[in-house]
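Once you know that position 22 of the sequence shown is 87 in the working numbering, the rest is easy, because the numbers rise by one and skip nothing. Positions of the beta carbon are idealized from the N, C-alpha and C atoms, including for glycine.
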Amino acid sequence: MALTFDAGADSVPLLSILETLRQANLRCTFFVTGLWVLENPDLLQEIVADGHELGNHSSTHPHFTELTDQEIAQELAAVEELVMQSTGQSTKPYFRPPFGNRDDRVRRVVQENGYITIYWTYQVWDWVGDRTAEEVFNYAVDGARNGAIVVMHVGAAETAEALPGIIEELRARGYRLVTLSELLVS
Numbered sequence: 066m067a068l069t070f071d072a073g074a075d076s077v078p079l080l081s082i083l084e085t086l087r088q089a090n091l092r093c094t095f096f097v098t099g100l101w102v103l104e105n106p107d108l109l110q111e112i113v114a115d116g117h118e119l120g121n122h123s124s125t126h127p128h129f130t131e132l133t134d135q136e137i138a139q140e141l142a143a144v145e146e147l148v149m150q151s152t153g154q155s156t157k158p159y160f161r162p163p164f165g166n167r168d169d170r171v172r173r174v175v176q177e178n179g180y181i182t183i184y185w186t187y188q189v190w191d192w193v194g195d196r197t198a199e200e201v202f203n204y205a206v207d208g209a210r211n212g213a214i215v216v217m218h219v220g221a222a223e224t225a226e227a228l229p230g231i232i233e234e235l236r237a238r239g240y241r242l243v244t245l246s247e248l249l250v251s
């Protein structure tokens, strides 16, 4: 299973998330937006220093099906440039479309720009404002299955609170938690 995190909004809970991942000796995949990178360069550095993998989540988090091919390419390139300048690390080859918004044209343009479009098997609904840590935990463990890609958000305090228990429970159930690239290779 791959635990993945989208970074496009609030960043306050991320310090707790990173500490939990350190204590669990766990590396994950973080999909970052350009706006988030501009607002959080130190946190981006910390993500990379901890050995986590990066993916592209667009520059401004638009609905990709409403963009032209050129605008899609610009959204991807802007994040790649920011991340490379800041960390020397690429966001390629993984791209997660904002809102999961995609169609055949979007997938084609994304691929032409050197990315593989990545979705998720299930989410923990932590972006919905009224979720509790217990609900996030339940979504995370109830949807678990081998090969799953789980999406969570770095701006969700409920996720930060639930994460230690999620990791412990998934491991107790025998799941191996890996980065996206490790999952896709296996």
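- [ ] Could you tell me the boundaries of the beta strand (DSSP E) in which Ala143 lies?
- [x] Note, Ala143: premise wrong, no beta strand (DSSP E); alpha helix (DSSP H) at 134-152.
- [ ] Please look up how many angstroms separate the CB atoms of Ile183 and Tyr204, rounded, as I've assumed it's under 8 Å.
- [x] Their Cβ separation, rounded to whole angstroms, is 19 Å, which puts Ile183 and Tyr204 out of contact at 8 Å.
Open item on the list: Going by beta-carbon coordinates alone, are Ala67 and Cys93 separated by less than 9 Å?
Closed with: Closer than 9 Å, so yes.
Task: Selection from Leu109, Thr133, Gln176, Ala227 that minimises the alpha carbon distance to Gln154 - done: Gln154 has its Cα closest to that of Leu109, out of Leu109, Thr133, Gln176, Ala227.
Open item on the list: For a quick check, are the C-beta atoms of Asp191 and His218 less than 9 Å apart?
Closed with: Yes.
Task: Val216 and Val189 closer than 9 Å at C-beta - done: yes
- [ ] Return the chain-ordered list of same chain residues with a C-beta closer than 6 Å to the C-beta of Glu140, the five sequence neighbours on each side being excluded.
- [x] Within the same chain, Glu140 has close Cβ partners Ser123, Ser124.
Open item on the list: Could you compute how far the alpha carbon of Ala209 sits from the alpha carbon of Trp185?
Closed with: Their backbone Cα atoms lie some 12 Å apart in a straight line.
Task: Where Asp115 sits in the DSSP three-state scheme - done: coil
Task: Test item: CB-CB of Ala143 and Trp101 under 9 Å - done: no
Open item on the list: Quick check on Thr130: does DSSP put it in helix, strand or coil?
Closed with: helix
- [ ] Helix, strand or coil for Tyr184, going by three-state DSSP, please let me know.
- [x] For Tyr184, the secondary structure class from DSSP, reduced to helix, strand or coil, is coil.
Open item on the list: So for Gly165, helix, strand or coil by DSSP?
Closed with: helix
Task: Alpha-carbon spacing of Leu228 relative to Asn178, whole angstroms - done: 34 Å
Open item on the list: Going by DSSP in three states, Asp71 sits in which element: helix, strand or coil?
Closed with: Here Asp71 sits in strand by DSSP.
Open item on the list: Measuring straight from C-alpha to C-alpha, what distance separates Val171 and Glu145?
Closed with: Cα-Cα distance, rounded: 18 Å.
- [ ] Check Tyr240 in the structure and name its three-state DSSP category.
- [x] coil
Open item on the list: What residue range does the beta strand (DSSP E) around Val216 cover?
Closed with: 214-218
Task: Contact set for Gly120: own chain, Cβ-Cβ below 8 Å, skip 5 residues either direction - done: Same-chain partners within the cutoff: Thr69, Thr94, Phe95, Phe96, Val97, Thr156, Tyr159, Phe160, Arg161, Ile183, Leu245.
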